[in-house]
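Everything below concerns the one structure shown next.
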Amino acid sequence: MINIHAVMTKSPILILLSLGVVSALMSVGGLASPAETAPPAISEKSSSVEPRAGINDSGLSSPAGIVNTKSFDPAAATKAWLATVPQEKRQKSDRYFEGGYWLLLWNFLVAVAISIFLLESGISARLRDFAERICTGSSWLPQFPLQIACYAIPYFLIVGTLGFPLDFYEHFAREHQYGLATQSFLPWFREQWIGFGLTMFGGTILLIALYAVFRRAPRTWWVWGTVVAVLFMTVVVVITPVFVEPLFNTYKPITNPEIRNPILAMAQANQIPARQVFEVDASRQTTRVSANVAGFLGTTRIALNDNLIKQCTLPEIRAVMAHEMGHYVLNHGAKLLTYSAIFIVIGLALTRQIFDTAVRRRGVKWGVRGIADPAGLPLLVLILSTLLFIATPLLNTVVRVTERN
């Protein structure tokens, strides 16, 4: 459900939050990107569970011949099930995952290359000068946030354009190559523009808040920047189910009582404040199966994608939902938010030292005046990208332990 690789491939500005985005992805069920709603499938067509023998009354699936007893060994059951999967399909799944590791490296290198290019070419400094020249502010709109916005918009456009070839391969061509995507290019491209618009809008707001902190607290910005980042993530988690996900998919209440009622019963038994179960038309974009319990503070919603409903048995659906509800009941979202805050504050503290050293040595050539200068944004992204890349094994361990719970 959580994919650090997916986090790493977002727009570079979101790397400012990427040490904490893990918790947001946990809370929204990994639906930040419609095409990344579940782990890669072993099956040619989907990640539905096969074979379907051994489904017990509790809704938990087990391979044929495995008996559900108090001495049930999940590791042995998993090994037995994997033995039923044809070797060519396992090899295909392995290639997909292993290719994802290489893409993690390539996305990091592309982010680094773009940042260095913007600094060494002087483009970032010229964008800053352009913003200062044309954005003079007014009585109702202060000059500084307007200048940050005037810098951010062309910055996003440049970064998005330079990063598009790799995005196209990773999220369109490669997904079709492995039979995980169903969209043709134009619908996919349209959704990329919607996502890009959301990134530009949210990223600009985030930058305005962060640079206000940089300007007013030049020595302790890394502390207050962490506060801003955590607050921003919390807002994203709250609004995503209500305002973001419907931009990509249609959600409709599930009316089939055989599917709906057991899920609502599990939710009520575990104090999950959801009164309805929704079906999302994810098959427009992907062949993957997925479900989630998303949001909080009044926006909690249970959703199953239509692939799960069409391809899996009722016990399998209940097993998937039991896993997703487990994250909610065990309070994994809040725990990951706490871990993320720790990662962010450490990352920003290190960034402060590295940023100041880099500006002393190369600031004149780059035209970067200091931390409050938006021309230094590519340097921030460069540093945070590197720190995140180094920390990826640790972040993956945190997520893996959470998933095993």
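So that you can map any letter, position 151 of the sequence shown is 150 in numbering that gives the first Met the number 0, and since no number is skipped, the others follow by simple counting. Here a beta-carbon is modelled for each residue, glycine too, at the ideal position from N, C-alpha and C. The structure presented is a predicted model; accordingly, all values stated were derived computationally and were not measured.
Through-space distance from residue j to residue i, alpha-carbon basis
i: V328; j: I308; result: 23 Å
i: V235; j: V319; result: 25 Å
i: R274; j: M324; result: 14 Å
i: A264; j: I113; result: 50 Å
i: D166; j: A110; result: 12 Å
i: T458; j: V380; result: Because the chain is modelled from 0 through 404, residue 458 falls outside the range shown and cannot be assessed.
i: A151; j: T203; result: 6 Å
i: A266; j: F354; result: 47 Å
i: L296; j: G332; result: 13 Å
i: P73; j: A82; result: 14 Å
i: G162; j: F195; result: 12 Å
i: A172; j: L108; result: 20 Å
i: W223; j: P141; result: 21 Å
i: G294; j: V237; result: 5 Å
Exposure label - residue i; buried when at least 16 CB within 10 Å
i: R360; result: exposed
i: A290; result: buried
i: Y210; result: buried
i: Y154; result: buried
i: H322; result: exposed
i: Q310; result: buried
i: W221; result: buried
i: F231; result: buried
i: F200; result: exposed
Boundaries (first-last residue) of the alpha helix (DSSP H) holding residue i
i: L209; result: F184 to R215
i: I157; result: Q142 to F167
i: I122; result: I122 to I133
i: V397; result: L376 to R403
i: N106; result: Q86 to E119
i: N260; result: P256 to A268
For residue i, the first and last residue of its enclosing beta strand (DSSP E)
i: E278; result: V276 to V279
i: P252; result: Y250 to P252
i: I301; result: R300 to N304
Residue from the options with nearest C-alpha to residue i
i: I115; options: V279, T396 and P377; result: P377
i: A208; options: V226, L102, F195 and F71; result: V226
i: E119; options: G362, D372 and V241; result: G362
i: E190; options: V243, P164 and E131; result: V243
i: Y168; options: G346, G99 and R215; result: G99
i: F277; options: A268, T286, T312 and V241; result: V241
i: S183; options: A374, Q284 and E315; result: Q284
i: L126; options: F107, L108, W105 and C149; result: C149
i: A228; options: P85, S339, L387 and Q86; result: S339
i: P314; options: K88, R259 and R368; result: R259
i: Q270; options: V279, T299 and T249; result: T299
Supposed contact pair residue j and residue i - C-beta distance, whole angstroms, cut 8 Å
i: A124; j: Q146; result: That pair is no contact at about 13 Å.
i: G366; j: A357; result: With a Cβ gap of about 13 Å, G366 and A357 do not count as contacting.
i: N306; j: V292; result: No, N306 and V292 are not in contact; Cβ-Cβ is about 18 Å, not under 8 Å.
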